[in-house]
Amino acid sequence: KQWYQRRVRGLARTSSGARIFGVLKGAVDGGLDIPHSNKRFPGSNAESGENDASVHRSRIMGEHVSSYMSSLMDDDEDAYKRQFAAYRMEGIMPDMVESMYAKAHEAIRADPSPAPKKETPEGYKPKSYKRQRMSLAQRKGRVAQQKAAFLALQ
């Protein structure tokens with residue numbers, strides 16, 4: 017019992033409308049064959065079993081983001097400035113979010129290949145925070161140094 021509790025502590029439960037289901041929908045729409053049920057996608061009604069495509073489309077096109085931006089602008093200007101600072105720098109207002117998402121979708125459809133990676137400069141060495149391994153002579157010298165310091169204190 018105790019092992020099981022420790023083991024599942026890091027797992028997160030999925031809920032209807034979670035982001036992972038947006039990823040699943042995109043993968044399925046992209047042509048991957050993944051067994052799934054539409055009942056977890058945004059806009060699905062658990063009671064009637066029907067799926068409202070307009071709700072799903074509004075999530076895909078970012079209407080929930082624009083409505084949240086509008087509500088923050090009206091209610092809490094400081095929170096709006098903090099959370100949407102990058103949007104403000106680009107001059108994006110709540111009514112422009114849907115067109116921004118549409119442009120992104122068009123660009124992906126035009127060229128779905130990922131952007132090329134930047135080449136690393138000649139002689140580039142990534143940072144390493146690991147301590148360098150000492151040679152045998154260095155280890156023996158370090159032990160001798162520590163012995164000498166210890167004996168000097170006594």
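When we follow our numbering, the leftmost residue of the sequence shown carries the number 17, and every step to the right adds one. Don't be surprised by glycine CBs; every beta carbon is placed ideally from N, CA and C.
Query: 7 Å Cβ cutoff met for residue 100 and residue 85; Result: yes
Query: Which residues DSSP lists as bridging residue 60, in chain order; Result: 67
Query: At least 3 beta-carbon pairs within less than 8 Å: the segment 155-169 vs the segment 64-81; Result: no
Query: Residue 52 (DSSP reduced to helix, strand or coil); Result: coil
Query: Exposed unless 16 or more other CB atoms sit within 10 angstroms - verdict on residue 60; Result: buried
Query: Residues near residue 58 in its chain [Cβ-Cβ closer than 7 Å; skip 5 each side]; Result: 33, 71, 72, 75
Query: Assigned exposure category for residue 142 - 16 Cβ within 10 Å defines buried; Result: exposed
Query: Pair within 7 Å by beta-carbon distance, residue 50 and residue 44; Result: yes
Query: Alpha carbon of residue 117 to alpha carbon of residue 134, nearest angstrom; Result: 26 Å
Query: 7 Å Cβ shell around residue 41 - same chain, five flanking residues per side excluded; Result: 57
Query: Simplified DSSP assignment, three categories, for residue 98; Result: helix
Query: Three-state secondary structure (DSSP) of residue 110; Result: helix
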